[in-house]
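Each residue of the sequence shown is one higher than the last, beginning at 135 in the numbering used here. Here a beta-carbon is modelled for each residue, glycine too, at the ideal position from N, C-alpha and C. Computed from a prediction, not measured in an experiment: that's the story for all the values here. Heads up, the thing below is written out as C-alpha cells.
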Amino acid sequence: MSKPLPNASDFLPGPVLLLGAPGVGKGTQAKHLVDEFGIPQISTGDLLRENRKNHTPLGMMAEELMSKGLFVPDDLVNQMVAGRLKEPDTQHGYILDGFPRTLIQAEWLDSQLVAYLLPVVAVNIVVPIEVLKQRITGRRISPAGRIYNIYTNPPKVEGVCDVDGSKLEQRSDDTEEVFHERMKAFEQKTSAVIEYYRTHGNRFAEVNGDQEIDLVTKDIRATLLKLRHHPEA
Ligand code: AP5
Ligand code: MG
Numbered sequence: 135m136s137k138p139l140p141n142a143s144d145f146l147p148g149p150v151l152l153l154g155a156p157g158v159g160k161g162t163q164a165k166h167l168v169d170e171f172g173i174p175q176i177s178t179g180d181l182l183r184e185n186r187k188n189h190t191p192l193g194m195m196a197e198e199l200m201s202k203g204l205f206v207p208d209d210l211v212n213q214m215v216a217g218r219l220k221e222p223d224t225q226h227g228y229i230l231d232g233f234p235r236t237l238i239q240a241e242w243l244d245s246q247l248v249a250y251l252l253p254v255v256a257v258n259i260v261v262p263i264e265v266l267k268q269r270i271t272g273r274r275i276s277p278a279g280r281i282y283n284i285y286t287n288p289p290k291v292e293g294v295c296d297v298d299g300s301k302l303e304q305r306s307d308d309t310e311e312v313f314h315e316r317m318k319a320f321e322q323k324t325s326a327v328i329e330y331y332r333t334h335g336n337r338f339a340e341v342n343g344d345q346e347i348d349l350v351t352k353d354i355r356a357t358l359l360k361l362r363h364h365p366e367a
C-alpha cells in the first residue's frame, strides 16, 4: 500500500490532466485520486457513454464514432466538458481523464482556464503497446463504473463486481479490432497533445504505468506534489 499524504486537506492538486493511450490506466488511477483528494473525475469517455445510455442527441451521434474507435467532434466534446466544469464540485480542482485528446481541445481548455487559480498539470501514463492490447480485451466494468481485468485485476468471483455484486460487462469498443483503430487515433491526434504539454515548462511529467496499480498511484501522487512544488515533494 502506498503511503497516504500527511494531511490530504493540506494539498489540493488543482486541475489535473491524465493523458495516455487506451488502456494505460487513466480511469483506474483517476478513481484512486478521487478517493484521496475528494476532487471529481471528469472522464469524457464515461460522459459520452452516459449520453449514449440516455439516448441524448449527443449520445446517439457519438455511438457510431465510438464503436469504430474514432473521436467525437471537438466542439461537441468541448461543450460537454464546459457544462461539467460549471458544476460546483470542480471548484478546488478535478481530474480530467481522456481530455484533451486533440490540439483544438487543448487550446480550448487553455482559453477556459485563464481565470482559474492554478494552471493545469498534465501527467502522461506510459505503457508499452503490447501490454495495452491485453488490458483492453481483458477489461470488464460494473454498471457503476468499477474497473476490473480478467488477466491483471480479476474480481473475486468471475463476472461479478466485488463491491455491489452486479454483473460485469465488456465495453463494446474493447475488441482487438477497435483497439487498433483507437491506437491509430491516439497516435495521429493525441500524441501531439502530449508534446504540447511536454513543451509547456514545468506543467508536465511522465509516469510508468507498467507496474502494479498501487505503485502507479504512488508515482502519480509524488509527481503531483512535485509539479505543484509542495514542500513534501
Ligand atoms: P475512453 O473511455 O476515454 O477510452 P480510452 O482513452 O481508449 O481509454 P480507456 O478508458 O480504454 O483506458 P484507461 O486508460 O481509462 O484504462 P483503465 O483504467 O480502464 O474513450 C472512449 C471513446 O470515447 C474514444 O475512443 C472516443 O470515441 C470517445 N472520446 C472520449 N474522449 C474523447 C475526447 N476527448 N475527444 C473525442 N472523443 C472522445 O484500465 C484498462 C484495463 O487495464 C482495466 O482492465 C484495468 O483493470 C487494467 N489496469 C489498469 N491499470 C493497471 C495496472 N497498473 N496493471 C495491470 N492492469 C491494469
Ligand atoms: Mg477510461
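For Y282, there is no enclosing alpha helix (DSSP H); the enclosing beta strand (DSSP E) has its first and last residue at 281-283.
In the structure shown, F145 adopts coil according to DSSP, grouped into three states. According to DSSP, residue pairing for L181 in a beta bridge does not occur. Taking a cut-off of 8 angstroms on C-beta distances, the segment 228-247 touches the segment 151-167, as three or more cross pairs fall below it. For R273, the enclosing beta strand (DSSP E) has its first and last residue at 273-275. Not one heavy atom of ligand 1 lies closer than 6 angstroms to the C-beta of M195.
Going by DSSP, E340 is part of the beta strand (DSSP E) stretching over 338-342. With contact defined as three or more Cβ pairs closer than 8 angstroms, the segment 194-213 and the segment 165-172 are not in contact. At the C-beta level, G148 and L252 come within 7 angstroms of one another. Checking the 6 angstroms criterion, the Cβ of K290 is out of range of every heavy atom belonging to ligand 2.
Shown here for L359: same chain residues with a beta carbon closer than 6 angstroms to its own, the five before and five after excluded, namely E366, A367 in chain order.
For S300, the closest of R280, D308, F313, N287 by C-alpha to C-alpha distance is R280.
Distance from the C-beta of K160 to the nearest heavy atom of ligand 2 is below 6 angstroms. Beta-bridge pairing by DSSP links I229 to V150, Q175.
In this structure the segment 207-217 does not touch the segment 320-338; the number of beta carbon pairs closer than 8 angstroms is below three.
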